[in-house]
Amino acid sequence: MRIVMLTPAFHPRRGGVERHVRRVSEELAALGHGVAVVTRLQPGAPAAAQLGPLPIVRLEGGIRAAMTLLRQHRSLLRGADVIH
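If you want it as structure tokens, here you go:
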């Protein structure tokens with residue numbers, strides 16, 4: 409299954425939500441699912457990165473801006489079985 413995880417913050421930022429999304433994503437990937445993380449661009453973090461098996465895409469702006477960008481860049485979601 410192809411899963412896209414949407415989260416307002418992610419690695420390298422550390423917090424409860426960030427740890428939870430990372431652990432769930434890594435467990436799903438270990439089970440053989442394709443998992444990608446889409447999050448907000450953070451100062452000092454690259455717009456695209458790889459964290460173990462997880463591709464990370466960082467978009468500028470808040471959730472509303474991210475939703476607009478996702479509509480414009482549908483390829484990030486194309487083929488996803490689950491968007492969480």
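Read the sequence shown against this note's numbering and you will find it ends at 492, with the numbers running on by one and no gaps.
Beta carbons are placed, not taken as given, at the ideal position from N, Cα and C, and that holds for glycine.
Beta-bridge partners of residue i, as assigned by DSSP
{"i": "Leu-414", "result": "Val-446"}
{"i": "Val-490", "result": "Ile-411"}
{"i": "Leu-462", "result": "Leu-459"}
Residues of its chain near residue i, where Cβ-Cβ distance is below 7 Å and the 5 sequence neighbours each way are ignored
{"i": "Arg-421", "result": "Gln-450"}
{"i": "Arg-489", "result": "The sequence shown places Asp at residue 489, rather than the Arg named in the question. So the list reads Met-409, Arg-410 and Ile-411, once near-sequence residues are dropped."}
{"i": "Leu-436", "result": "Ile-411 and Val-443"}
Chain-order list of residues whose beta-carbon lies under 6 Å from that of residue i (same chain, five-residue window excluded)
{"i": "Leu-414", "result": "Val-446"}
As assigned by DSSP and simplified to three states, the class of residue i
{"i": "Arg-430", "result": "helix"}
{"i": "Leu-467", "result": "strand"}
{"i": "Leu-436", "result": "helix"}
{"i": "Arg-422", "result": "coil"}
{"i": "Leu-485", "result": "coil"}
CB contact below 7 Å: residue i versus chain B
{"i": "Val-446", "result": "The structure shown contains no chain B; it is built from a single protein chain."}
Residues near residue i by beta carbon distance below 8 Å, same chain, minus five either side
{"i": "His-441", "result": "Met-409, Arg-410 and Ile-411"}
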